[in-house]
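>
Number of protein chains: 2
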Amino acid sequence: MTRRAIIQPVIMSGGVGTRLWPMSRAARPKQFLPLVTSRSLFQETVARFSGDADVDFLPPVIIAGAVHEALIRTQLAEIGIAAAAIIIEPMARNTAAVAAVAAAWTSANGADALTLLAPADHHIADGAGFRAAVARGAAAASKGAIVTFGIGPTEAHTGYGYIEAGAAIAPGVAEVAAFREKPDAETAARYLKGGRHFWNAGIFLYSPDAMSGELDIHAPTIRSEATAALQGARKDGAVLKLDASRFALCPSDSIDYAVMEKTKRAAVVGPVEAGWSDIGSWTAISPAADDQRIISVDCKRTIIRTDGPTIAAIGVEDLIIVATGDAVLVVPRPRAQEVKIIVDHLKAAKREELL
Amino acid sequence: MTRRAIIQPVIMSGGVGTRLWPMSRAARPKQFLPLVTSRSLFQETVARFSGDADVDFLPPVIIAGAVHEALIRTQLAEIGIAAAAIIIEPMARNTAAVAAVAAAWTSANGADALTLLAPADHHIADGAGFRAAVARGAAAASKGAIVTFGIGPTEAHTGYGYIEAGAAIAPGVAEVAAFREKPDAETAARYLKGGRHFWNAGIFLYSPDAMSGELDIHAPTIRSEATAALQGARKDGAVLKLDASRFALCPSDSIDYAVMEKTKRAAVVGPVEAGWSDIGSWTAISPAADDQRIISVDCKRTIIRTDGPTIAAIGVEDLIIVATGDAVLVVPRPRAQEVKIIVDHLKAAKREELL
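Below is the structure:
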């Protein structure tokens, strides 16, 4: 029997969530909103990777932009969880740089831990189920694999990248045969039927040495500058502000492109069946139960959400209606992805107060 | 040639306008909102019946509830028109009592004027055209007719009462053959085709003596108690508060039922083609031009109005979207009349702040 794995959760909280406008705003993007439960997606994510499990979770590390530091402190305090560190990115440099920082931090502080790199803005209904998947991947990661989590597809989705599983490594863990870009509808249908293709959840489990080694091979500048940015970080209590002059030198690239599609070490735990959703648009949101501010008469398949104004709807179908104190969105469900158009319009019109 | 008629406009401002919720509220019902132009319907109505015309308009009398007195003063001041009187109804007693008060006031103050009784919450695009219709009716009213204004129907509307024109009295003026209740669709289509049936706009022109005489015959209690309520009114500058103990004794009835359907004196000016609308629901409202707060992408036949929040709509059709700071309405155009359901719901739930 292997010893219990020690896991260092590193929560990536730098997303912008424009497709959940008008609730998701620059100052409070979607991960900080209570969209699915009474806690924010960030709070749920932090809580998911803590406490009792088949692995030992260290206190989490949060990586985010400076504008959200106060919000992060508040939301952590609300759920009674103290971060090991809040690492502030002086600018956005995409996920490869974050993965490098996460590896370097874990290596320096993590007592032989594996790094679990996870976005703060996903919903996972079955936390225990996902933690079991993490435990399943830990053995492979301990042996040097860079482990991805492949979500069992529930529809022929054309908006996600897919992971094609190869030879089995262990029960429920396989080598990655290939990473597949967002497929067309026909290909997605084939993936769904075949059972060897999983949605790429963008969650990674790796030993710091394995990740650093692969970055050295495939993205050496990212590895060196991200590590230097962490080593030169200004420390203020639990807050570490990355050295901006070094971090700025990291090429902006995703960990998928920079490492995962090139490395021989990629493995996948899957299919993971834990009620995962990236909450990519308002269609992923259930109607708020028992909200006195919503008066819905004779509506069908309609998503209504408010954080203030009363919303009264009569006889509408397949519609999304979202209201905040200063903005209202109305869009048919099939066009939920197009909310980004509105945000682009507001940017062009310099309507900063609504962004 | 007859001498120029002197007209005493009496503006009925007691409506509630629930079908224009959420903008129309108890404290500021639809007549006080700038729904069609930059001035409120009330302001447009007052201005319509003043100034140069083929008749001489006396300064207007306003009849309204006490809660709107301040709003009326403010809105009159904004357009620079002084009322001859603001008559406060201590309770609502429908239009017959108002017609009686208006007759009594004109008789006591109006120097042989005719009373023009008009609701404050209608829109008339062609003010000069309607004033010409008033001038046309003045001769008949001077001779003792109680003159109604019959709007030339532009569709087979089943939501209005109709006036059936009888024998001609003068060019464009006829006896009333009958008042017709809201017709079914087939009957409305026949009315539209026949050209002898006009929409009853609920606007009346009469000499005080003629109206008082007919009230004496058909509704003597309304006549006596309304007159007594005015005679016993408490005067405060231009404000007259009707004596509540007497006004309360008026049976609550409409002038149509109490007098018009019974009197032999009814006449109709019609068809009046002056762009009349009772702004009965949001479908009567044109989209606000050039409102920076409205972002409409790929929408068709959609009415969007806001008095504060930005509204962003993508790809919706035949929809009404209205937002205020505390409430949002979304309803398909064909169901615009059902907005009243929402108001009823709010009343039942005692959501006074939204009424």
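In order, the protein sequence lines correspond to chains A and B.
Numbering follows the numbering used here, in which position 24 of the first sequence is assigned residue number 24; successive positions increment by one, without gaps.
Numbering follows the numbering used here, in which position 188 of the second sequence is assigned residue number 1188; successive positions increment by one, without gaps.
Cβ coordinates follow ideal geometry from the N, Cα and C atoms, glycine included.
Are the Cβ atoms of Ala66/A and Leu240/A separated by less than 8 Å?
Position 66 of the first sequence, counting from 1, holds the residue named residue 66/A. Position 240 of the first sequence, counting from 1, holds the residue named residue 240/A. Not in contact: Ala66/A and Leu240/A (Cβ atoms no closer than 8 Å).
> Which term fits Met1091/B, buried or exposed, when burial requires 16 or more other beta carbons within 10 angstroms of its beta carbon?
Mapped onto the second sequence, residue 1091/B falls at position 91. By the neighbour-count rule (16 or more Cβ atoms within 10 Å), Met1091/B is not buried but exposed.
> Terminal residues of the continuous beta strand (DSSP E) containing Tyr1162/B?
As a position in the second sequence, residue 1162/B is number 162, starting the count at 1. 1162–1170 is the extent of the beta strand (DSSP E) around Tyr1162/B.
> Which of the three DSSP states, helix, strand or coil, is assigned to Met1001/B?
The sequence position of residue 1001/B within the second sequence is 1, counting from 1. Interpretation of Met1001/B is limited by its pLDDT of 45, a score under 50 that renders its predicted location unreliable; no figure is taken from the coordinates.
> Tell me which same chain residues have a C-beta within less than 7 Å of the C-beta of Arg1196/B, skipping the five on either side of it?
Residue mapping note: residue 1196/B aligns to position 196 of the second sequence, counting from 1. Same-chain partners within the cutoff: Glu1164, Ala1165.
> By how many angstroms is the C-alpha of Ala219/A removed from the C-alpha of Val259/A?
Mapped onto the first sequence, residue 259/A falls at position 259. Mapped onto the first sequence, residue 219/A falls at position 219. Rounded to whole angstroms, Val259/A to Ala219/A spans 7 Å at the Cα level.
> Taking just the CA atoms, how far does Ala313/A sit from Ala1064/B?
Here residue 1064/B is taken as the residue at index 64 of the second sequence, counted from 1. Here residue 313/A is taken as the residue at index 313 of the first sequence, counted from 1. Distance between the alpha carbons of Ala1064/B and Ala313/A: 32 Å.
> Tell me where the beta strand (DSSP E) around Thr1037/B begins and ends.
For the purposes of this step, residue 1037/B is identified with residue 37 of the second sequence, where counting begins at 1. Taken as a continuous stretch (DSSP letters only), Thr1037/B belongs to no beta strand (DSSP E), as it is neither H nor E.
> Which residues in the same chain as Phe1032/B place their Cβ atom closer than 6 Å to its Cβ, once the five residues preceding and following it in sequence are excluded?
Taking the second sequence and counting its residues from 1, one reaches residue 1032/B at position 32. Closer than 6 Å at Cβ, skipping near neighbours: Ser1040, Phe1042, Leu1071.
> For His122/A, which residues in the same chain have their Cβ closer than 6 Å to its Cβ, ignoring the five residues on either side in sequence?
Here the question's residue 122/A lines up with position 122 in the first sequence. Result list for His122/A: Asp278, in chain order.
> Just to confirm before moving on: does the CB-CB distance between Leu230/A and Trp105/A stay below 8 Å?
Locating residue 230/A in the first sequence gives position 230, where the first residue counts as 1. Locating residue 105/A in the first sequence gives position 105, where the first residue counts as 1. Yes, these two residues count as a Cβ contact at 8 Å.
> Please identify the residue among Ala138/A, Ser38/A, His345/A, Val330/A whose C-alpha is closest to the C-alpha of Pro9/A.
Against the first sequence, residue 9/A aligns to sequence position 9. The residue with the shortest Cα to Cα distance from Pro9/A is Ala138/A.
> Return the residue from the list Leu192/A, Pro153/A, Asp54/A that minimises the CA-CA distance to Arg3/A.
As a first step, residue 3/A must be located in the first sequence, where it is residue number 3. Ranking Leu192/A, Pro153/A, Asp54/A by Cα distance to Arg3/A puts Asp54/A first.
> Considering only the alpha carbon of each residue, which of Gly308/A, Pro309/A, Trp282/A lies closest to Arg301/A?
To locate residue 301/A, count along the first sequence from 1; it is residue 301. Comparing Cα-Cα distances from Arg301/A to each of Gly308/A, Pro309/A, Trp282/A, the minimum goes to Trp282/A.
> From the DSSP output, in three-state form, read off Ala100/A for me.
Sequence index remark: in the first sequence, residue 100/A carries index 100 (1-based). Helix.
> Please confirm whether Leu1205/B and Leu1116/B have their CB atoms less than 8 Å apart.
Taking the first residue of the second sequence as position 1, residue 1205/B is located at position 205. Taking the first residue of the second sequence as position 1, residue 1116/B is located at position 116. Their beta carbons are under 8 Å apart, which means Leu1205/B touches Leu1116/B by this criterion.
> Quick check on the DSSP output: the beta strand (DSSP E) that includes Thr221/A runs from which residue to which?
Looking up residue 221/A in the first sequence gives position 221. It is not in any beta strand (DSSP E) - Thr221/A instead sits in the alpha helix (DSSP H) that spans 220–231.
> Are the stretch 1290–1298 of chain B and the stretch 1310–1324 of chain B in contact at 8 Å, needing three or more beta carbon pairs?
Touching, per the Cβ criterion.
> Between Ala1267/B and Gly1308/B, what straight-line distance do the alpha-carbon atoms span, to the nearest angstrom?
Position 267 of the second sequence, counting from 1, holds the residue named residue 1267/B. Position 308 of the second sequence, counting from 1, holds the residue named residue 1308/B. Using only the alpha carbons, I get a separation of about 45 Å.
> Closest Cβ-Cβ distance between Val1016/B and chain A: below 8 Å?
Numbered from its first residue, the second sequence carries residue 1016/B at position 16. So, not an interface residue.
> Answer yes or no: does any C-beta atom of chain A fall closer than 8 Å to that of Ile1285/B?
Position 285 of the second sequence holds residue 1285/B. Judged by the 8 Å Cβ criterion, Ile1285/B is not in contact with chain A.
> May I have a chain-ordered list of the alpha helix (DSSP H) segments no shorter than 4 residues that lie completely inside the stretch 195–275 of chain A?
Complete alpha helix (DSSP H) runs here, min 4: 208–218, 220–231, 244–247.
> Under the three-state reduction of DSSP, which class applies to Ala349/A: helix, strand or coil?
Residue numbering aside, residue 349/A sits at position 349 when the first sequence is read from its first letter. In this structure, Ala349/A counts as coil in the three-state DSSP scheme.
> Cα separation between Gly1159/B and Lys1182/B?
By 1-based counting over the second sequence, the position of residue 1159/B is 159. By 1-based counting over the second sequence, the position of residue 1182/B is 182. Each residue's Cα considered, the two are about 6 Å apart.
> Please state if the CB of Gly152/A and the CB of Pro271/A are separated by a distance shorter than 8 Å.
Numbered from its first residue, the first sequence carries residue 271/A at position 271. Numbered from its first residue, the first sequence carries residue 152/A at position 152. Yes, the pair counts as a contact, with Cβ atoms nearer than the cut-off.
> So which residues of chain B does Arg335/A contact, with C-beta pairs closer than 7 Å?
Indexing the first sequence from 1 puts residue 335/A at position 335. Ile1314, Gly1315, listed in chain order.
> Buried or exposed: Thr45/A, going by 16 or more other Cβ atoms within 10 Å of its Cβ?
On the first sequence, residue 45/A is found 45 positions in, with the first residue counted as 1. Buried: at least 16 other Cβ atoms inside 10 Å.
> Can you confirm whether Ile1342/B, when its beta carbon is compared against all beta carbons of chain A, has any partner nearer than 8 Å?
The residue given as residue 1342/B occupies position 342 in the second sequence. Ile1342/B counts as touching chain A.
> Quick check on the DSSP output: what are the complete beta strand (DSSP E) runs of length 3 or more inside the stretch 1282–1340 of chain B, in order along the chain?
Taking only runs of at least 3 residues, the beta strand (DSSP E) segments lying wholly in the stretch 1282–1340 of chain B are 1294–1297, 1303–1306, 1310–1314, 1319–1323, 1327–1332.
> Along chain B, in chain order, which residues have C-beta atoms closer than 7 Å to that of Pro332/A?
Working through the first sequence from its first residue, we reach residue 332/A at position 332. Those within 7 Å of Pro332/A in chain B are Gly1315, Val1316.
> Given Tyr1191/B, which residues of its chain have a CB within under 6 Å of its CB, disregarding the five upstream and five downstream residues?
Indexing the second sequence from 1 puts residue 1191/B at position 191. So the list reads Tyr1162, His1197, once near-sequence residues are dropped.
> Could you have a look at Ser1277/B and say whether DSSP puts it in helix, strand or coil?
Here residue 1277/B refers to the residue found at position 277 when the second sequence is read from its first residue. Strand.
> Using CA atoms only, rank isn't needed, just tell me which of Arg265/A, Lys235/A, Ser13/A, Arg19/A is closest to Glu338/A.
Working through the first sequence from its first residue, we reach residue 338/A at position 338. Per the Cα distances, Arg19/A.
> Just the Cα atoms here: how many angstroms apart are Ile203/A and Lys262/A?
The residue you call residue 203/A lines up with position 203 of the first sequence. The residue you call residue 262/A lines up with position 262 of the first sequence. The alpha-carbon atoms of Ile203/A and Lys262/A are separated by roughly 17 Å.
> The alpha helix (DSSP H) spanning Ala1128/B covers which residue range?
Position 128 of the second sequence, counted from the first residue, corresponds to residue 1128/B. Unbroken alpha helix (DSSP H) run through Ala1128/B: 1127–1142.
> Return no unless some Cβ of chain B is closer than 8 Å to the Cβ of Asp326/A.
What you label residue 326/A is simply residue 326 of the first sequence in a count that begins at 1. With 8 Å as the cut-off, Asp326/A counts as an interface residue toward chain B.
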